[in-house]
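Enquirer:
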Amino acid sequence: MAYSFGARNATVSTSTPVVIIAALIAFQGGYYPALCALAVIAFSLLALARAVVRRGKWKAFATTGAGASRNEKSGCTPPLLAISAAIAICMLAWCAARPLLDGIASYETLAAMARPALAIATATYWLQLSQAEKRSAIQLIAYESVLFSVVALLMFARVLPYPGAVVDGRLQFTFQYANTAGAYFAVMSCLVWSQARTRAAKALVTAPIICTALTQSMGTFTVIAIVGCAWVLKNLKLTRLKRDNATQTKASTSKIAIAVLGIGALAVFAICIGAPDRLDSALQTGMERLIQTIDGTRALASAPHIGIGPQQWRVVHPRVQSAQYTANVIHNSYLGFTLSYGLIGTTLAVLCMVTLWKGTLKATEDRIPGTHAAATLLLLHALVDFDLAFGSIIMLLVLALLSNRELASTACTASSTPDQRARARFLLPAALVIILLACGASALTFDVRENQILTDIQALGPHAASQQIAKDPLACRDQTVRTRLYQCCTRQDECEAVLKLQRRDPITVTTPGMTALARCLYTADRPEEAELVLLRALQDQPYNVAAYTQAADLFARYDVSEQTEQRYETLRTRSLDYLAAWPANLLNNQQEPPRIEAQQP
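For the sequence shown, the positions run 27 to 627 when our numbering is used.
1) Please list, in chain order, all residues of the same chain as residue 249 whose beta carbon is under 6 Å from its beta carbon, the five residues on each side excluded.
2) Quick one: give me the first and last residue of the alpha helix (DSSP H) that residue 232 is part of.
3) Quick check: the Cα distance between residue 331 and residue 125, rounded to an integer number of angstroms?
4) Per DSSP, what kind of secondary structure is residue 432 in: helix, strand or coil?
5) Please state whether DSSP places residue 391 in a helix, a strand or coil.
6) If we require 3 or more residues per run, which beta strand (DSSP E) segments fall completely within the region 296 to 359?
7) Is there contact between the region 59 to 66 and the region 135 to 152, where contact requires at least three CB pairs shorter than 8 Å?
8) Quick check: what's the CA-CA separation for residue 522 versus residue 550?
9) Starting from the Cα of residue 253, find the closest Cα among 518, 552, 397 and 517 and give me that residue.
10) For a test of the three-state rule: what should DSSP assign to residue 410, helix, strand or coil?
11) With distances taken Cα to Cα, identify the nearest neighbour of residue 547 among 519, 426 and 569.
12) Alpha carbon to alpha carbon, how far is residue 457 from residue 377?
13) Give me the Cα-Cα distance between residue 393 and residue 115, rounded to the nearest whole angstrom.
14) Determine whether the beta carbon atoms of residue 140 and residue 469 lie at a separation below 7 Å.
15) In this structure, how does DSSP classify residue 185 when only helix, strand and coil are distinguished?
16) Just curious, the alpha helix (DSSP H) that residue 209 is in, first and last residue?
17) Closer than 6 Å: is that where the CB of residue 545 sits relative to any heavy atom of the ligand ATP?
18) Just the Cα atoms here: how many angstroms apart are residue 504 and residue 130?
19) Out of 356, 412, 318 and 259, state which residue places its alpha-carbon closest to the alpha-carbon of residue 206.
20) Identify whether residue 44 lies in helix, strand or coil by the three-state DSSP scheme.
21) At the 7 Å Cβ level, is residue 476 part of the contact set with chain C, yes or no?
22) Between residue 46 and residue 421, which are expected to be in contact by the criterion C-beta below 8 Å, what is the C-beta distance as a whole number of angstroms?
23) Can we say the region 332 to 339 touches the region 362 to 371, given the rule of at least three CB pairs closer than 8 Å?
24) Taking DSSP as the reference, what is the three-state secondary structure of residue 586?
25) Do the region 208 to 216 and the region 241 to 248 make contact, defined as three or more Cβ pairs closer than 8 Å?
26) Could you tell me the alpha carbon to alpha carbon distance between residue 528 and residue 570, rounded to whole angstroms?
27) Pick helix, strand or coil for residue 613, following the three-state DSSP scheme.
28) Secondary structure at residue 155, three-state DSSP: helix, strand or coil?
29) Please state whether the Cβ-Cβ distance between residue 221 and residue 165 is less than 7 Å.
30) Thinking C-alpha only, which one of 170, 234, 584 and 227 is nearest residue 197?
31) Please return the same chain residues whose Cβ sits closer than 8 Å to the Cβ of residue 312, not counting the five positions on each side in sequence.
32) Going straight from the alpha carbon of residue 465 to that of residue 423, what length do you get?
33) If you draw a straight line from the C-alpha of residue 123 to the C-alpha of residue 170, how long is it?
34) Does the contact criterion of 3 or more C-beta pairs under 8 Å hold for the region 557 to 577 versus the region 343 to 359?
35) Thinking just about the alpha-carbon of each residue, which of 576, 605, 372 and 624 is nearest to the one in residue 587?
36) Answer with buried or exposed for residue 23, where buried requires no fewer than 16 other C-beta atoms within 10 angstroms of its C-beta.
The following block contains the structure:
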């Protein structure tokens, strides 16, 4: 889609994705919307600059009739890519408008559009690069991961202390989540091995492989086994086709044997360091993920077309779950996106990908090895985890998927003149870049504003902050803001102020927010209302053991009436009956809700 900038600017083109991925990984993998938004802005500005250069060269081409160089694409955008750009614009518009439909528009729900925008921005920029530029960028990303692997090993050895890098003996790295860290290091192992051309370079793969094992991510090991078996079967087929070449067959068989032994050794090593308890825990986790997926599908059925909205699973899942688990983000990236934006958003995303794939061609030369396996690893692992909530993983997936795709040549003849269709096919991608820039800037503003309000609650106090929040509709409906506001109340006047806000603009908050609201009611000398809030929550959330635990603690602290205690015990008994039924009885980590214990004097 773009002309090469030449040797001097090629460094900027190839280093941009490398620097952005490094920055995202350094800051919790790019989990927060502000980081994704900054990446969107960077890609949009660079893509816009390349589009302007391309447009200028297209005009020169059309005017003079001079042919473009062999390494440059023409300024005419292929029709399918123009359609893909139009669908992407519709998708971004839907992601921005979805929170406005049912009263959940807030800073955090609107900032969530940064993630789909990042995927589109990455693809828009990546497709403008030549195969040589893509290869250089992938190589830099691969070898950059070796440095990250060394840092991760130092973190695991406690040489470099980092909060959340190691938990329960599992390497979580900067992601602060072992399973996503495992997927990242597995993908990097694949790329490092594929890009290396010497034995010394291939030896570098040792670091990311060890890091993969240290994450003890059984989901990652399973995906590696699946991809490894597929690779082995493919090579066996190729070997049979080349039986007449004995030397080549022997070499291929040796490589396959080494790969099988490597996969087996990794599995044995992982089981040894994880011990049988870890394996049993992984099986239970897998069953829990399956139950989550079933529950998520049921939640989607309540609003299949528009979904439940971004950032709403953490509020909805206690009311639809069929076993005890806590999941602020559903552990299935594809279902999570559909829950956020409904079948409308998912359909637009699929159409965008299909038209983009059909509008590009398979690279005929200078193909980049290892990217197909890397993309497959990420796609499979996203089925059982929320990897695509991390901006760095979104970028890696897009880069891997489109590394061996290039734009079709659409060169105009010397006698042709730009018509309306040609202009439209240029303007649509240009409009997409501008809209991406607007989405990135908006998401960044929303996320920064939310953090500023959270800081103001601490600095100004709940009483003054509640008055400011009441004047800001997006802050007023923000679950995180309201929860923090309730949690900061300690005096009766502060509690009265936030309760006034709750009466004027009632919203449903997560379990910590609900408990904090009940505590505010107790502090404001409204025990009947507090007990009603807690009992209603327990009625609607029989599997929410955290709600039972916190409610029992509040009931014991404020010495509730015998009638309330009896109602709690009735709900507790019902919860125990549910835990004994399918599918909760498939899990061995279910906890019995506590009784109300008298407070010690």
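Think of the CB as a built atom: it goes at the ideal place given N, C-alpha and C, for glycine as much as any other residue.
Expert: Well, looking at it:
1) Cβ within range, chain order: 403, 406 and 407.
2) Where residue 232 is concerned, the enclosing alpha helix (DSSP H) stretches over 232 to 240.
3) Each residue's CA atom was taken as its position, placing residue 331 and residue 125 some 13 Å apart.
4) Strand.
5) Residue state, collapsed to three classes: coil.
6) Considered as a whole, the region 296 to 359 harbours no complete run of any beta strand (DSSP E) with no fewer than 3 residues.
7) When Cβ pairs closer than 8 Å are counted between the two stretches, the region 59 to 66 is seen to touch the region 135 to 152, the count reaching three or more.
8) Distance between the alpha carbons of residue 522 and residue 550 is about 6 Å.
9) Ranking the options by Cα distance to residue 253, first place goes to 397.
10) Correct three-state label for residue 410: coil.
11) Among 519, 426 and 569, the Cα nearest to that of residue 547 is on 519.
12) The straight-line gap separating the alpha-carbon atoms of residue 457 and residue 377 is approximately 19 Å.
13) Taking the straight line from one Cα to the other gives about 30 Å.
14) The answer is yes: Cβ separation under 7 Å.
15) Residue 185 falls in the coil class under three-state DSSP.
16) First-last of the alpha helix (DSSP H) with residue 209: 204 to 221.
17) Judged by which ligands are present, the structure shown has none, so any question about the ligand ATP falls away.
18) Taking the straight line from one Cα to the other gives about 8 Å.
19) Looking at 356, 412, 318 and 259, the one whose alpha-carbon comes closest to that of residue 206 is 412.
20) Residue state, collapsed to three classes: helix.
21) The structure shown has no chain C; it contains just one protein chain.
22) The Cβ separation is near 7 Å, so the contact holds.
23) Taking a cut-off of 8 Å on C-beta distances, the region 332 to 339 touches the region 362 to 371, as three or more cross pairs fall below it.
24) If DSSP states are grouped into helix, strand and coil, residue 586 belongs with coil.
25) Output reads yes: the region 241 to 248 touches the region 208 to 216.
26) C-alpha of residue 528 to C-alpha of residue 570: approximately 23 Å in a straight line.
27) In this structure, residue 613 counts as coil in the three-state DSSP scheme.
28) In the three-state scheme derived from DSSP, where H, G and I count as helix and E and B as strand, residue 155 is classed as coil.
29) In this structure, residue 165 lies closer than 7 Å to residue 221 by Cβ.
30) When only C-alpha atoms are compared, the closest one is 234.
31) The beta carbon of residue 312 lies closer than 8 Å to those of 244, 245 and 410 in the same chain, with the five residues before and after it left out.
32) So the two alpha carbons sit approximately 21 Å from each other.
33) Rounded to whole angstroms, the gap between the alpha carbons of residue 123 and residue 170 is 38 Å.
34) When C-beta atoms of the region 557 to 577 are compared with those of the region 343 to 359, three or more pairs fall below 8 Å, so the two segments count as touching.
35) Measuring from the Cα of residue 587, the nearest candidate turns out to be 624.
36) In the structure as shown, the chain begins at 27 and stops at 627. Residue 23 is therefore absent and cannot be evaluated.
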